[in-house]
Structures are given as structure tokens and as C-alpha cells.
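Protein chains in written order, with the working numbering: chain E, 1 to 217; chain D, 1001 to 1243.
Worksheet: one structure, shown below.
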Amino acid sequence: MQKFFHDAVEFVPILLQGVWLTIVVTIGSLLLSTVLGLVWALMRVSGIGFFVGLSASVINVIRGIPIIVLLFYIYFVMPDFGIALTALQAAIIGLGIAYSAYQAENFRAGIEAIDKGQIEAAQTIGMGWWLTMRRVVLPQAVRIVLPPYGNIMIMMLKDSSQASTITVAELALQGKLIASSTFKNTSVFTLVALMYLTMSIPLILLVRHFEKKANHK
Amino acid sequence: MIELNDVHKSFGKVEVLKGITASIAKSEVVCIIGPSGSGKSTILRCINGLESYDRGDISVEGARVNRDDRSIVAIRTQVSMVFQRFNLFPHRTALENVIEGPLYVKKEPREQAIARGRALLAQVGLAEKADVHPPKLSGGQQQRVAIARALAMQPKAILFDEPTSALDPELVGEVLAVMRKLADDGMTMVVVTHEMGFARDVADRVLFIDGGVIVEQGAAKSVLNQPQHARTQDFLRRVLHPL
């Protein structure tokens, strides 16, 4: 135990640099996936054939490709087409795109849960599609969407570790590097696990808060 | 002001309207009665473009109703609608429901919209409920808010789609009273209803619809008291004396 604390004092500062990158990747890809997911979802419920088909195809293609392959593709293949991204940019874009499919399905479920009668009522007072979305549907859909959204945040935090495969020195990779140079696997990976857990707990509490709020309504 | 000329409408293979021709004059109160599934609600929904129609013409003050055209917005602000299930926005207070259209569709100044919204809520007897959310109101109160919301658009006519059918019996009266007041004030109203008492007392004219056609129409009292057509007689007997 004493040895563990001794190791901790030595490794935590290095691991914290990884924590920082983990947070950057998570927040960056969360924002991107939210925006993209909302776009796919709105296209899906637009009722316009072309957009419905396009968004359904995009979602299925994204869902059918492993995140790690998507990351490889963006980081290693895109340069062949003249698009060279830093590892961090590629990680954020890759995870953002990968998760946009799940965000989209979540948003769509929330939007479709709103009673059609309200949408008709909005139309009868002269509201167009976008105004109806903005004033009637989305404010209510947010409440429904939040608990699953919180879960997606937790999954993204953990999946940010996949960025390690394209050399982003986030927490998991930082841990692996220390472990392979010191052979203190137990201490290092215990610390890494504890750090992920520490970051997850606030999110888990947040989800619980969202759920309570949604049920209260 | 509302003209329907040989309106046909099918849902898939089922033809629900088989040539409806009718005209509703300004300040007229017309009740549409008939068995469920006869196409009554569909007529209302076609008038303000919630449904398209396949053949014929519908016009409001001379403007043709076409739900795929931009002009539908202008028509909808002139012809409001009140639904069977109220369809209030549950995340907004009674007052916010009422001022939503004036603020965001008609772009009225906020103070003006609020002042008129409060006056309308007072008119339907709900001044003290302005800041309450719909789920906390009774069905009758919700429907009165919905009527205030329709009035807030300052419409030339209001369509009522079975406005009391979802209400507990003891709450029907308060909604009908508000509608009666509107009729007295000269509002043009088309009301799909099963409330024969209301139709008899308030309507100028009654249309009896069955199987997608107007079977019988005329002055409210004559259609309801001395129906000429056998189907009307049969329907009225079953509605007025269910046992």
C-alpha cells in the first residue's frame, strides 16, 4: 500500500497531463456529436424525402463502422486526400462523428415523443416548421433527451481512450507509456482506473439528477 | 366567408369526403353533426390545411386553401382552431400559451400581447390562472385557455373540433358557455359537436353528415326538431335517447 502511494505521488502529475487531454477530447467530440446529431435528427423528422434518406444512410454507415476504424481512417487515410489533421483534431472529429449517430437516434426519439396534437396546434396559430421546432418541440424534447444524453457523455469519456490508438497522449496512453517504462503495471493502471472513475462520478450524479427531473415532470 | 365546393378527400382507399359543398357566412354559427367516422373533423382539418384534399375547392375570404403553399400561414391566422384534446403547450403557462402566436407569428410587441392575453383569459373566466401550467388545470379550464389562444390570433372564424368530447360531463357547461358568448359577440364559428342542446340553442345552421356527404342541412331548429331524412332521424334518436 505504501509503495502504491509512493508511486502515486510520482505518477499522478504525469497522468494529469493525460487527464487534461482526455477532457479536451471528450468535450470537443461531445460538442461536435451534439451538433451533428441534432442535424441528422432534424433531417430525419423533416418529412422531406431526400433529407430523411440521407440522414438514415449516414446514421447507418456511421453505426456500422467501429470507432477505431473511423479514427484510423481520419488520421491515416485522409492525408492521402490532402487533409492532414493533428492527432487531437482527428480524435475529436472521429469520436464526434461516431457518436453523432447515437445522439441523432436519441434526439429523434425525444422529438417524436412530443404529442402530434401540439404540433398541429402550433400550425393552426400560423407557426412554420422551424418555429414549431424551436418553440414547441425542442424545449420539451430536451427534458426527455437529457438522461440518455448523460449516459452518452459517460460513454464518450471512456471511449476517448480510443484516441490513444492514433497517438493522442490522453490518460490511457499516458498510463501505458509509464507502465511500459517502469513495469509498475498495478500501480499505474489502478491510478488510471481511479482517475476515469473520478471523472465519471460527477456525470453519473448528473444523469441521476436529470432522471429525477424528467420523472418529476 | 368560408366556401367549400365539391370537396373530396381519401385516406388511402377510404374516401372520407365525397363531395362536400357548403358555405359559411360571416358571423354565422354552423354546427356539424353526424356519426363518428363520417368525415366531420376532416372537413374542419381541410379548411385550415391540416389535411390536404384531393378534389374540389376550399376558400377562405376568396383565398384558396392549399396546405403546400405559403399562403396557408395567412389563412391559419385568420381561421383558428380548437381541438378535442385541447393541445395546449404543457411547458408554457396559460398566458404564455395565449401569447405564443401573437408574439412569434404576428410579432406583436410583448406588452401589448401580454395585456391582450390577460384580457382574453379574463374573458374566458381564467384571469387568476394566467401563470399556471396546463397540466395543473382541469379539462374545462384547459379548453378555455385553448379558446383564448385561438382568439389571441384575432381570427375571423374559429373551427371547433368536438371541443367538449374529452371533458367530464360536469365541465362541459363552462366551455359551452364561453362558446355561446363568442357566438353572441358575432364570431363566425364552425363546430363539430355531439352537444345537440348547444346546436339547437346557438347554431344558426346545422349540417348532418354521414358517409362523407351532407345528408341534410338547414336552420338548426328545423333539422334537429323535424329532421326530414331517415338517417338524420335515426341518428338523432340514438343520440338524444341512447337507452
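From the three backbone atoms N, C-alpha and C, an ideal C-beta is built for every residue, glycine too.
Owing to the predicted nature of the structure, the values given are computational and were not obtained by experimental measurement.
Residue interval of the beta strand (DSSP E) (run including residue i)
| i | result |
| --- | --- |
| D1057(D) | R1055 to V1060 |
DSSP bridge partner residues for residue i (one or two, in chain order)
| i | result |
| --- | --- |
| R1064(D) | S1059(D) |
| C1031(D) | V1191(D) and V1206(D) |
| G1218(D) | V1206(D) |
| N1005(D) | D1057(D) |
| E1015(D) | S1010(D) |
| L1159(D) | M1081(D) and V1190(D) |
| I1020(D) | V1007(D) |
| V1272(D) | Outside the modelled stretch of chain D, which goes from 1001 to 1243, sits residue 1272(D), for which no answer is possible. |
Close Cβ partners of residue i (< 7 Å) along its chain, the five nearest in sequence each way excluded
| i | result |
| --- | --- |
| V1239(D) | H1194 and M1196 |
| Y99(E) | S29, S33, I152 and M156 |
| A172(E) | S161, S164 and V192 |
| L1176(D) | T1164, E1195 and F1198 |
| G1140(D) | L1167, L1171, E1174 and V1175 |
| C1031(D) | V1191, T1193, A1199, A1203, V1206 and A1220 |
Cβ neighbours of residue i in the same chain (closer than 8 Å, five flanking residues each side left out)
| i | result |
| --- | --- |
| A1025(D) | M1001 and T1188 |
| H1229(D) | F1208, V1215 and E1216 |
| I67(E) | G94, L95, A98, D159 and Q162 |
| V12(E) | L191 |
| L36(E) | G96, I97, S100, Q103 and A104 |
| L203(E) | G150, M153, I154 and L157 |
| D1131(D) | T1093, A1094 and L1095 |
| G1101(D) | T1077, R1149, A1152 and M1153 |
Nonlocal neighbours in the same chain, by C-beta distance under 6 Å from residue i, ignoring five residues either side
| i | result |
| --- | --- |
| F1083(D) | D1161 |
| Y1053(D) | V1007, K1009 and C1046 |
| Y75(E) | A90 and I166 |
| I144(E) | G110 and A113 |
Environment of residue i [buried if 16+ CB atoms lie within 10 Å]
| i | result |
| --- | --- |
| I48(E) | exposed |
| M195(E) | buried |
| V1098(D) | buried |
| Q1112(D) | exposed |
| D1210(D) | buried |
| P1242(D) | exposed |
| T186(E) | exposed |
| H209(E) | exposed |
| T124(E) | buried |
| F1235(D) | buried |
| E10(E) | exposed |
| I83(E) | exposed |
| A1115(D) | exposed |
| A1122(D) | exposed |
| K3(E) | exposed |
| R1110(D) | exposed |
| P147(E) | buried |
Min CB distance residue i to chain C below 8 Å
| i | result |
| --- | --- |
| Q118(E) | No chain C appears in the structure shown, which is made up of the protein chains E and D. |
Proximal chain D residues relative to residue i, where beta-carbon distance stays under 7 Å
| i | result |
| --- | --- |
| V136(E) | F1089 |
Span of the alpha helix (DSSP H), counted from its first residue to its last, around residue i
| i | result |
| --- | --- |
| V1079(D) | Taken as a continuous stretch (DSSP letters only), V1079(D) belongs to no alpha helix (DSSP H), being part of the beta strand (DSSP E) at V1079 to V1082. |
| S180(E) | L171 to T182 |
| S57(E) | G49 to R63 |
| A1127(D) | Careful: A1127(D) lies outside any alpha helix (DSSP H) and carries neither H nor E. |
| G96(E) | A87 to E112 |
| E1100(D) | A1094 to Y1104 |
| S29(E) | Q2 to R44 |
| T167(E) | Unbroken run through T167(E): none, as it is neither H nor E. |
| Y149(E) | L138 to D159 |
| F1235(D) | A1230 to L1240 |
| S1041(D) | K1040 to I1047 |
| G117(E) | K116 to T124 |
| A1183(D) | P1169 to D1184 |
Contacts that residue i makes with chain D (C-beta to C-beta distance below 9 Å)
| i | result |
| --- | --- |
| P139(E) | F1089, H1091 and R1092 |
| L146(E) | Chain D residues near L146(E): none, gap ~14 Å exceeds 9 Å. |
| L131(E) | Y1104 and V1105 |
Chain E contact residues for residue i, given Cβ-Cβ distances below 9 Å
| i | result |
| --- | --- |
| G1139(D) | The contacting residues do not exist; G1139(D) stays about 14 Å from chain E at best. |
| N1048(D) | Q123 and T124 |
| M1187(D) | Simply none; closest approach about 16 Å. |
| R1149(D) | A121 and I125 |
| E1100(D) | A122, I125, M127, R135 and V136 |
Contact set between residue i and chain D, taken where Cβ atoms lie within less than 8 Å
| i | result |
| --- | --- |
| G49(E) | Those do not exist, as G49(E) stays about 14 Å from chain D at its closest Cβ, beyond 8 Å. |
| G128(E) | V1073 |
Under 8 Å by beta carbon: chain E residues contacting residue i
| i | result |
| --- | --- |
| T1077(D) | I125 and G126 |
| M1153(D) | I125 and G126 |
Where residue i meets chain E, residues with beta-carbon distance less than 7 Å
| i | result |
| --- | --- |
| M1081(D) | T124 |
| R1085(D) | G117 |
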